[in-house]
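Peer 1: Going down the list, the sequences are from chains X and B.
Going by my numbering, the letters in the first sequence line up with residues 1 to 113, in that order.
Going by my numbering, the letters in the second sequence line up with residues 1001 to 1113, in that order.
Structure below; questions to follow.
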Amino acid sequence: QQPVQSPQAVILREGEDAVINCSSSKALYSVHWYRQKHGEAPVFLMILLKGGEQKGHDKISASFNEKKQQSSLYLTASQLSYSGTYFCGTEIASGGSNYKLTFGKGTLLTVNP
Amino acid sequence: KAGVTQTPRYLIKTRGQQVTLSCSPISGHRSVSWYQQTPGQGLQFLFEYFSETQRNKGNFPGRFSGRQFSNSRSEMNVSTLELGDSALYLCASSFEIAKNIQYFGAGTRLSVL
């Protein structure tokens, strides 16, 4: 089942912060975050495993609340280069050693000067 | 290491025709997944192959099929094309079964007239 992302779109000025949320109705094994710039392929940002960990990548960090099956992506002091569509991917164990990754519809982030 | 390679980059077909898209994964990656991307729908999962076996399948009609060869290269076939099949088709490869980090190719842009 497809995870739900919110907001669908957000517009920021350079230096502002943003939060993108991702929620699932299924018990999750992991949450992935990807960024896709216009006309380019999606690029992996980070993965969070169940356990409530928080990871960071430069000024972009994320958290994973295993009990609520929710993840949030935090973009701090945004830069123009952060513009793009952000996708969360939720991975569930679907039997045996099989895992299935499903992506949300994406959040379009625009950072203006 | 070379990245994921998809060919061709662009295709124009007419309704009723069939099309085959090709994907060469990163060397050493045994899992290949295919996605359809259309505006506003995010990354819709088509299917995943691992060691020549289809491991997961999305909710697409039987006109969409795929296969994987012993060298991990994969092909996707769409028969009896419809206008609604116009989309960017992305292939991604990964190394692990779980924590399935996706490395995307640049995609094949299919236009059905």
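All C-beta atoms, glycine included, are put in the ideal place defined by N, C-alpha and C.
The structure presented is a predicted model; accordingly, all values stated were derived computationally and were not measured.
Can you name the residues that DSSP bridges to residue 100 (chain X)?
Peer 2: If you number the first sequence from 1, residue 100 (chain X) lands on position 100. In the DSSP output, where bridge partners are listed per residue, residue 100 (chain X) has X:92.
Peer 1: With residue 1114 (chain B) and residue 1104 (chain B) assumed to form a contact (beta carbons below 8 Å), what rounded beta-carbon distance in angstroms separates them?
Peer 2: No answer is possible for residue 1114 (chain B): it lies beyond the span of chain B, which begins at 1001 and ends at 1113.
Peer 1: Near residue 26 (chain X), what residues of its chain come up, given a Cβ to Cβ distance below 8 Å and the 5 sequence neighbours on each side ignored?
Peer 2: Residue 26 (chain X) sits at position 26 when you count from the first residue of the first sequence. The answer, listed in chain order, is 1, 69, 90 and 92.
Peer 1: Quick one: give me the first and last residue of the beta strand (DSSP E) that residue 1030 (chain B) is part of.
Peer 2: In the second sequence, residue 1030 (chain B) corresponds to position 30, counting from 1. That residue, residue 1030 (chain B), is in no beta strand (DSSP E); it is neither H nor E in DSSP.
Peer 1: Should residue 1025 (chain B) and residue 1093 (chain B) be called a contact, given that it needs their Cβ atoms to be closer than 8 Å?
Peer 2: Counting from 1 along the second sequence, the entry for residue 1025 (chain B) is found at position 25. Counting from 1 along the second sequence, the entry for residue 1093 (chain B) is found at position 93. In contact: residue 1025 (chain B) and residue 1093 (chain B) (Cβ atoms closer than 8 Å).
Peer 1: In terms of residues, what are the limits of the beta strand (DSSP E) holding residue 1101 (chain B)?
Peer 2: Residue 1101 (chain B) sits at position 101 when you count from the first residue of the second sequence. Unbroken run through residue 1101 (chain B): none, as it is neither H nor E.
Peer 1: Does the Cβ of residue 64 (chain X) have 16 or more other Cβ atoms within 10 Å, making it buried, or fewer, making it exposed?
Peer 2: The sequence position of residue 64 (chain X) within the first sequence is 64, counting from 1. By the neighbour-count rule (16 or more Cβ atoms within 10 Å), residue 64 (chain X) is buried.
Peer 1: Assign residue 74 (chain X) to one of three DSSP states: helix, strand, or coil.
Peer 2: Against the first sequence, residue 74 (chain X) aligns to sequence position 74. Residue state, collapsed to three classes: strand.
Peer 1: Rank X:40, X:59 and X:22 by C-alpha distance to the C-alpha of residue 1088 (chain B) and give the top, closest one.
Peer 2: Counting from one through the second sequence, the residue named residue 1088 (chain B) turns up at place 88. When only C-alpha atoms are compared, the closest one is X:40.
Peer 1: Is it buried or exposed for residue 30 (chain X), if we count other Cβ within 10 angstroms and need 16 for buried?
Peer 2: The sequence position of residue 30 (chain X) within the first sequence is 30, counting from 1. Buried: at least 16 other Cβ atoms inside 10 Å.
Peer 1: In chain order, which beta strand (DSSP E) runs of at least 3 residues are fully inside the stretch 12 to 41 of chain X?
Peer 2: Correct list: 18 to 23 and 30 to 36.
Peer 1: Is the CB of residue 91 (chain X) under 8 Å away from at least one CB in chain B?
Peer 2: Counted from its first residue, the first sequence places residue 91 (chain X) at position 91. Interface residue, yes.
Peer 1: Note down, in chain order, every chain B residue with its Cβ under 7 Å from the Cβ of residue 106 (chain X).
Peer 2: The residue given as residue 106 (chain X) occupies position 106 in the first sequence. Within 7 Å Cβ-Cβ: 1042.
Peer 1: Is residue 1110 (chain B) closer than 8 Å to residue 1019 (chain B) when the C-beta atoms are compared?
Peer 2: As a working note, residue 1019 (chain B) is residue 19 in the second sequence. As a working note, residue 1110 (chain B) is residue 110 in the second sequence. Yes, the pair counts as a contact, with Cβ atoms nearer than the cut-off.
Peer 1: Look up residue 111 (chain X) in the DSSP assignment and give the residues it is bridged to.
Peer 2: Position 111 of the first sequence, counted from the start, is the residue given in the question as residue 111 (chain X). Looking at the DSSP assignment, residue 111 (chain X) forms a beta bridge with X:12.
Peer 1: Across the stretch 1079 to 1087 of chain B and the stretch 75 to 84 of chain X, are there enough close Cβ pairs to call them in contact, namely three or more that are closer than 8 Å?
Peer 2: At 8 Å Cβ cutoff, the stretches do not touch.
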